[in-house]
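Numbering (this note's numbering), first residue to last: 347 to 730.
We put the CB at the ideal spot given by N, CA and C, even for glycine.
See structure below.
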């Protein structure tokens, strides 16, 4: 019968892991202790473990290592006895640095965000204390002696195992995660000032309660939003710069879906704010009335320097009993309360700084308030 062959580094790690499993984890291993401490600190504070910081002290090495590559699942050694526990083995390609990589930090995604799960000095680690058969998501960064941190790897998901095979989860209650968000569409809300993307909703046997959105920075994946709908927007970004995101769906029990594909969105400046055209006309309106009727003179003044050709004046008579009966120096019409006066051929051009005089007679059945909303060729006029 053929035997499995392990890398030398894994053989040493396997001996420790097997011995601890055989002893029913009577004393927690160093790695398990660090993982448990990280989770306990997160739970006690109610906030995720702080993410790695960027660069070293001023005047020293400020060049970060390269991003770790080829993250993959490495099966941990077979247990020799004792109580099975869920473990995840991770391996990756080493980072490079101008001075030297001193170690790595491994972060695990939880319902409260990413927490640090391990800080190995080699390109492999075992994360224990997990639920057998459940899928977990991780990312990894490299560190150098000056404290510089690499850009994070893309999220990587794998299932916790015991030995070489996945076993049924012993959890109780709802342990089924939502389906993975799909159909990522960047910049789906172009009128929003910032980034936006949309997606196809996830499903769940009980119900999806929302989504957790993460954005990549130079040193980590940081939480940036928890939308309940199928779109996300983020403002206060640099217009024209691209940003990389991923997201997971979450249900009421805290189960997390597999991460979505990465989506790159470019920060938009949004649609420009509407600027109304400058006021280019002035109206002087004078009226006098008598029982059942009134007359009005209207002076149209071109405040601009450009001639107004084939002008049309519009305004509103506020009272329903005000009706235009006849007029002069314009073609007059009325629809409801809206009145239109169009230029005659002989006064169709109002030169810059010049004016024309028009007027009309009307009938009344009530009050005679002045008109409102004067516009000339679509531009708003001021009252004189």
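Own chain residues within Cβ distance below 6 Å of residue i, not counting five before or after
{"i": "residue 594", "result": "558, 602, 603, 605"}
{"i": "residue 620", "result": "none"}
{"i": "residue 387", "result": "Residue placement at residue 387 cannot be trusted, given a pLDDT of 33 that sits under 50; the coordinates are not used to answer."}
{"i": "residue 580", "result": "540, 541, 570"}
{"i": "residue 643", "result": "632, 705"}
{"i": "residue 407", "result": "445, 492"}
{"i": "residue 545", "result": "527, 529, 530, 576"}
{"i": "residue 436", "result": "471"}
{"i": "residue 719", "result": "661, 662"}
{"i": "residue 418", "result": "437"}
{"i": "residue 694", "result": "656"}
{"i": "residue 524", "result": "548, 550, 554, 595, 597, 603"}
{"i": "residue 624", "result": "none"}
Whole-angstrom C-beta distance between residue j and residue i, which should lie under 8 Å
{"i": "residue 616", "j": "residue 538", "result": "6 Å"}
{"i": "residue 670", "j": "residue 684", "result": "Not a contact, Cβ separation roughly 11 Å."}
{"i": "residue 473", "j": "residue 452", "result": "7 Å"}
{"i": "residue 441", "j": "residue 412", "result": "5 Å"}
{"i": "residue 508", "j": "residue 430", "result": "4 Å"}
Start-to-end residues for the beta strand (DSSP E) that takes in residue i
{"i": "residue 470", "result": "470-476"}
{"i": "residue 464", "result": "459-464"}
{"i": "residue 437", "result": "432-439"}
{"i": "residue 420", "result": "Premise fails: residue 420 is in no beta strand (DSSP E) and is neither H nor E."}
{"i": "residue 643", "result": "639-648"}
{"i": "residue 683", "result": "Where residue 683 is concerned, there is no enclosing beta strand (DSSP E), given that its DSSP letter is neither H nor E."}
{"i": "residue 505", "result": "502-505"}
{"i": "residue 569", "result": "567-571"}
{"i": "residue 729", "result": "725-729"}
{"i": "residue 737", "result": "This structure gives no information on residue 737, because the portion of the chain shown stretches from 347 to 730."}
{"i": "residue 660", "result": "658-662"}
{"i": "residue 575", "result": "Careful: residue 575 lies outside any beta strand (DSSP E) and carries neither H nor E."}
{"i": "residue 447", "result": "447-456"}
{"i": "residue 721", "result": "718-722"}
Residues near residue i in its chain [Cβ-Cβ closer than 7 Å; skip 5 each side]
{"i": "residue 696", "result": "646, 648, 653, 654, 657, 702"}
{"i": "residue 556", "result": "572, 573, 574, 596"}
{"i": "residue 385", "result": "For residue 385, the predicted model reports a pLDDT of 31, less than 50, meaning its position is unreliable and no value from the coordinates is stated."}
{"i": "residue 627", "result": "646, 647, 648, 649, 722, 725, 727"}
{"i": "residue 536", "result": "614"}
{"i": "residue 392", "result": "Interpretation of residue 392 is limited by its pLDDT of 39, a score under 50 that renders its predicted location unreliable; no figure is taken from the coordinates."}
{"i": "residue 553", "result": "597, 598"}
From the options, residue whose alpha carbon lies closest to that of residue i
{"i": "residue 450", "options": "477, 422, 484", "result": "484"}
{"i": "residue 503", "options": "416, 716, 407", "result": "416"}
{"i": "residue 498", "options": "562, 469, 598", "result": "562"}
{"i": "residue 740", "options": "660, 446, 681", "result": "Past the boundaries of the shown model lies residue 740; the chain is included only from 347 to 730, so the question cannot be answered."}
{"i": "residue 641", "options": "457, 674, 492", "result": "674"}
{"i": "residue 547", "options": "564, 566, 578, 568", "result": "578"}
{"i": "residue 457", "options": "725, 627, 492, 600", "result": "600"}
{"i": "residue 432", "options": "723, 475, 455", "result": "475"}
{"i": "residue 666", "options": "727, 622, 715", "result": "715"}
{"i": "residue 634", "options": "691, 693, 713, 609", "result": "713"}
{"i": "residue 730", "options": "419, 668, 629, 709", "result": "629"}
{"i": "residue 560", "options": "536, 582, 531, 590", "result": "590"}
{"i": "residue 664", "options": "698, 717, 625, 687", "result": "717"}
{"i": "residue 521", "options": "624, 676, 550, 455", "result": "550"}
{"i": "residue 501", "options": "554, 624, 567", "result": "567"}
{"i": "residue 639", "options": "709, 523, 482, 490", "result": "709"}
{"i": "residue 711", "options": "618, 636, 700, 699", "result": "636"}
{"i": "residue 691", "options": "676, 699, 682", "result": "676"}
8 Å CB neighbourhood of residue i in its chain, flanking five on each side removed
{"i": "residue 760", "result": "Past the boundaries of the shown model lies residue 760; the chain is included only from 347 to 730, so the question cannot be answered."}
{"i": "residue 587", "result": "612, 613"}
{"i": "residue 467", "result": "448, 449, 450"}
{"i": "residue 414", "result": "438, 439, 440, 441, 450, 469, 486, 487, 488, 496, 499"}
{"i": "residue 607", "result": "528, 530, 592"}
{"i": "residue 420", "result": "356, 435, 436, 437, 470"}
{"i": "residue 533", "result": "541, 542, 543, 611, 612, 614"}
{"i": "residue 680", "result": "663, 669, 670, 686"}
{"i": "residue 584", "result": "613"}
{"i": "residue 582", "result": "540"}
{"i": "residue 482", "result": "434, 454, 455, 473, 476, 503, 504, 505, 506"}
Any chain C beta carbon closer than 8 Å to residue i
{"i": "residue 456", "result": "Here chain C cannot be found, since the structure has a single protein chain."}
Next on the checklist: Could you tell me which whole beta strand (DSSP E) segments of length 3 or greater appear in the stretch 512-562?
Outcome noted: The beta strand (DSSP E) runs of length 3 or more contained entirely in the stretch 512-562 are, from start to end of the chain, 528-532, 541-546, 554-562.
Checklist entry - At what residue ranges does the stretch 592-634 contain a whole run of the alpha helix (DSSP H), taking only runs of 4 or more? => result Listed in chain order, the alpha helix (DSSP H) runs fully inside the stretch 592-634 amount to none, counting runs of at least 4 residues.
Next on the checklist: At 3 residues or longer, what runs of the beta strand (DSSP E) sit wholly inside the stretch 674-714?
Outcome noted: Runs of the beta strand (DSSP E) lying entirely within the stretch 674-714, each at least 3 residues long, are 677-681, 684-688, 701-709 in chain order.
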